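Enquirer:
Residue numbers (this note's numbering): 2 to 188.
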């Protein structure tokens, strides 16, 4: 009996330590109520020789507002607030708004970023298996694997990297290639 208890403690020890680190990371991220960062993003598509680059700003306001404003090569804006997503492209007079509940794939992608910035572990776990590599107060990497087969058909995993309470990257790996977003503080 004593051996089993010792073995159980040895096996569960690292898992408990990781869960504690993950909780501490989420608290650190949740403490940042507002941020405005710059991003560069490259989409590598197997059919193209060169990646498709873009850049812009990524803004977050607690509790649930996220805005990705692409400035180059085209000006477009994705704004998520609550359960609504607004897409705007002014040069073509395009403005579309829809419910994330009606778009489960988009909702899962949004929650990977929004849930991380909000420090909302339950929101992340609604869509992903969540694993943390590293420490909350140092370099870290969240590995998000979709729990839904429907989502897995397009996204195999999302890697969110950071340093302390500052996210530094989001890599989305799917059947259509890899999208790499690099994030740096302030405009």
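The C-beta atom is built at its ideal place from N, Cα and C for all residues, glycine as well. Keep in mind that this is a model prediction, so the values were computed, not measured.
Could you tell me the alpha carbon to alpha carbon distance between residue 78 and residue 114, rounded to whole angstroms?
Expert: Approximately 16 Å, taken between the alpha carbons.
Enquirer: Whose C-beta lies closer than 7 Å to the C-beta of residue 124 among residues of the same chain, with five residues either side of it excluded?
Expert: For residue 124, where only same-chain residues beyond five positions count, the Cβ hits under 7 Å are 112 and 116.
Enquirer: In terms of alpha-carbon separation, which member of 45, 129, 101 and 186 lies closest to residue 153?
Expert: It is 129.
Enquirer: Is the stretch 132 to 139 touching the stretch 21 to 39, taking contact as three or more C-beta pairs under 8 Å?
Expert: Yes, the stretch 132 to 139 touches the stretch 21 to 39.
Enquirer: For residue 172, does the three-state DSSP call read helix, strand or coil?
Expert: Strand, per DSSP.
Enquirer: Within the same chain, show all residues whose beta-carbon is closer than 8 Å to that of residue 13, passing over the 5 residues directly before and after it, in chain order.
Expert: Low confidence applies here, because residue 13 scores a pLDDT of 47, under 50, leaving its location unreliable; read the following figure in that light. Answer for residue 13: no residue qualifies.
Enquirer: So residue 71 and residue 57 are supposed to be a Cβ contact under 8 Å. How far apart are they, rounded?
Expert: Going by Cβ atoms, the distance from residue 71 to residue 57 rounds to 4 Å, so yes, they are a contact pair.
Enquirer: Whole angstroms are fine: how far does the CA of residue 97 sit from the CA of residue 163?
Expert: So the alpha carbons of these two residues sit roughly 32 Å apart.
Enquirer: Report all residues from its chain with a CB closer than 6 Å to the CB of residue 87; omit the five preceding and five following residues, and keep chain order.
Expert: Only 80 and 98 meet the Cβ criterion.
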